[in-house]
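Structure (structure tokens):
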């Protein structure tokens, strides 16, 4: 069971790496 | 040469450990507000959240190679990112989990991931297609 006041909530995008390629132009 | 980057901004720092949100049981909020545990996330959750967000775009990042790093317990993973197949290198701890399309969480050392995070993982291999993000404005 989760205790709402003590459990942090993380945004979904925290879990995904930002792999932004360098723009070549 | 490939772009060198890190999933969370700074170079991997083994002493700092992994981000807390990969720990099994962590509560994740999707873009539509729904809450899910990290181990229950599915490919559709990421895809739909990116669509809702408006600013972010899901890219397919194919693992091209996995090599040992000079950093202990770390590897250098080379990805081919997006439609342009841009080459991007990422240095991460061997237990760092990536989400593979249609498969779920995967890491270079699943046993260590399970040991440290209690998160069930498959073995990340060359050819796997991982979920990654870019900002739409970068295009």
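Chains as they are written, first to last, in this note's numbering: chain A, 2 to 26; chain B, 561 to 699. We put the beta carbon where it would ideally sit given N, CA and C, even for glycine.
Since residue 625 of chain B meets chain A, which of its residues come closer than 7 Å, beta carbon to beta carbon?
Near residue 625 of chain B there are no residues of chain A at all, since even the closest Cβ is about 15 Å away, more than 7 Å.
Between the Cα of residue 636 of chain B and the Cα atoms of B:626, B:644, B:643, B:645, which residue gives the shortest distance?
B:626
Check whether the Cβ of residue 15 of chain A lies closer than 8 Å to any Cβ atom in chain B.
yes
CB contact flag (residue 17 of chain A, residue 659 of chain B, <8 Å):
yes
Quick check on DSSP: helix, strand or coil for residue 682 of chain B?
strand
Which residue spans inside the region 600-669 of chain B form an unbroken beta strand (DSSP E) run of at least 3?
For the region 600-669 of chain B, whole beta strand (DSSP E) runs of length 3 or above, ordered along the chain, are 616-628, 634-641, 646-653, 658-660, 664-667.
Touch test, the region 673-680 of chain B against the region 605-617 of chain B, Cβ-Cβ under 8 Å, three pairs minimum
The region 673-680 of chain B is not in contact with the region 605-617 of chain B.
May I ask you to report which of helix, strand or coil DSSP gives residue 697 of chain B?
It is helical.
Would you give the residue range spanned by the beta strand (DSSP E) that residue 10 of chain A belongs to?
10-12
For residue 651 of chain B versus residue 631 of chain B, is the C-beta spacing smaller than 8 Å?
Yes, the pair counts as a contact, with Cβ atoms nearer than the cut-off.
I want to verify the contact list: residues of chain A whose CB lies under 9 Å from the CB of residue 654 of chain B, in sequence order.
In chain order: nothing, as chain A lies at least about 15 Å away.
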